[in-house]
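Going by the working numbering, the sequence shown opens with residue 1, and the numbers climb by one from there.
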Amino acid sequence: MRIMGLDVGSKTVGVAISDPLGFTAQGLEIIPIHEEKGEFGLERLGELVKEYKVDKFVIGLPKNMNNTSGPRVEASQAYGQRIAELFVLPVDYQDERLTTVAAERMLVEQADISRSKRKKVIDKLAAQLILQNYLDRNF
Numbered sequence: 001m002r003i004m005g006l007d008v009g010s011k012t013v014g015v016a017i018s019d020p021l022g023f024t025a026q027g028l029e030i031i032p033i034h035e036e037k038g039e040f041g042l043e044r045l046g047e048l049v050k051e052y053k054v055d056k057f058v059i060g061l062p063k064n065m066n067n068t069s070g071p072r073v074e075a076s077q078a079y080g081q082r083i084a085e086l087f088v089l090p091v092d093y094q095d096e097r098l099t100t101v102a103a104e105r106m107l108v109e110q111a112d113i114s115r116s117k118r119k120k121v122i123d124k125l126a127a128q129l130i131l132q133n134y135l136d137r138n139f
């Protein structure tokens with residue numbers, strides 16, 4: 001079973017994929033989107049779904065630290081509903097609090113790369129962490 005993890009933002013969607021057995025997550029790419037213009041990168045996402053024979057999506061839910069939901073949670077759920085209908089695949093959600101912070105810390109401490117380079121990979125790494133957390137919790 002291949003599961004695709006998504007870190008949905010207003011300008012990008014970080015994409016990760018599981019191995020066929022559901023043990024590990026690998027970051028794939030960052031899809032540029034423009035939420036306000038209604039551009040959601042669905043064509044590229046569809047190419048990846050087909051290429052990796054995806055069976056399910058996991059989308060990070062950026063809840064507030066006090067466990068409440070804000071506008072970004074609603075936007076992520078709307079994206080999930082959109083792709084569930086388009087690809088006719090199940091969508092699950094994973095709490096992603098502090099995932100981007102953890103990804104940033106990993107890049108600073110372990111990769112020691114510049115801020116501009118971090119911005120180019122942070123969403124992909126966040127998607128990988130979201131998916132890995134989901135896999136660890138469920139399999």
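Idealized CB from N, CA, C, for every residue including glycine.
On a CA-only basis, which of Tyr79, Asp136 and Asp95 is nearest Glu36? Give me that one, please. Along the sequence shown, one-based indexing puts residue 36 at 36. Measuring from the Cα of Glu36, the nearest candidate turns out to be Tyr79.
Cβ pair Gly27, Ile130 closer than 8 Å: In the sequence shown, counting from the first residue as 1, residue 27 sits at position 27. In the sequence shown, counting from the first residue as 1, residue 130 sits at position 130. In this structure, Ile130 does not lie closer than 8 Å to Gly27 by Cβ.
Report the rounded CA-to-CA distance for Ser18 versus Ala127, giving the unit in angstroms. As a working mapping, residue 18 is identified with position 18 in the sequence shown. As a working mapping, residue 127 is identified with position 127 in the sequence shown. Distance between the alpha carbons of Ser18 and Ala127: 11 Å.
So which of Gln94, Tyr52, Arg97 and Val8 has the shortest CA-CA distance to Pro32? The count along the sequence shown starts at 1 and reaches residue 32 at position 32. The shortest C-alpha separation from Pro32 is found at Val8.
Specify, as a first and last residue, the run of the alpha helix (DSSP H) that Phe87 falls within. Position 87 of the sequence shown holds residue 87. Run containing Phe87: Pro71 to Phe87, per the alpha helix (DSSP H) assignment.
Backbone secondary structure at Glu43 - three-state DSSP: As a working mapping, residue 43 is identified with position 43 in the sequence shown. Looking at Glu43 - three-state DSSP - the assignment turns out to be helix.
Where the beta strand (DSSP E) through Asp95 begins and ends: Your numbering for residue 95 matches position 95 in the sequence shown. Val91 to Asp95 is the span of the beta strand (DSSP E), which, as asked, contains Asp95.
Just tell me which of Asp95, Ala25 and Ile83 has its CA closest to the CA of Ser69. On the sequence shown, position 69 is the one that residue 69 refers to. Cα-wise, what sits closest to Ser69 is Asp95.
Can you grab the Cα-Cα spacing for the pair Gly46 / Tyr52, in whole Å? By 1-based counting over the sequence shown, the position of residue 46 is 46. By 1-based counting over the sequence shown, the position of residue 52 is 52. Taking the straight line from one Cα to the other gives about 10 Å.
Please report how far the alpha carbon of Met1 lies from the alpha carbon of Leu135, in whole angstroms. Mapped onto the sequence shown, residue 1 falls at position 1. Mapped onto the sequence shown, residue 135 falls at position 135. Cα to Cα, the separation comes out at about 11 Å.
Can you give the Cα-Cα distance for Arg82 and Arg105, rounded to whole angstroms? The residue given as residue 82 occupies position 82 in the sequence shown. The residue given as residue 105 occupies position 105 in the sequence shown. If I take the Cα positions, the gap works out to 32 Å.
Cut-off 8 Å between Cβ atoms - residues of its own chain near Pro20, not counting five sequence neighbours on either side: Numbered from 1 along the sequence shown, position 20 holds the residue referred to as residue 20. The residues are Met1 and Arg2.
Which residue from Gly22, His34 and Ile122 puts its Cα closest to that of Asn75? Position 75 of the sequence shown holds residue 75. The question names Asn, but residue 75 is Ala in the sequence shown. Ranking Gly22, His34 and Ile122 by Cα distance to Ala75 puts His34 first.
Pair within 8 Å by beta-carbon distance, Asp55 and Leu86: Locating residue 55 in the sequence shown gives position 55, counting from the first residue. Locating residue 86 in the sequence shown gives position 86, counting from the first residue. No, Cβ-Cβ distance for Asp55 and Leu86 is not below 8 Å.
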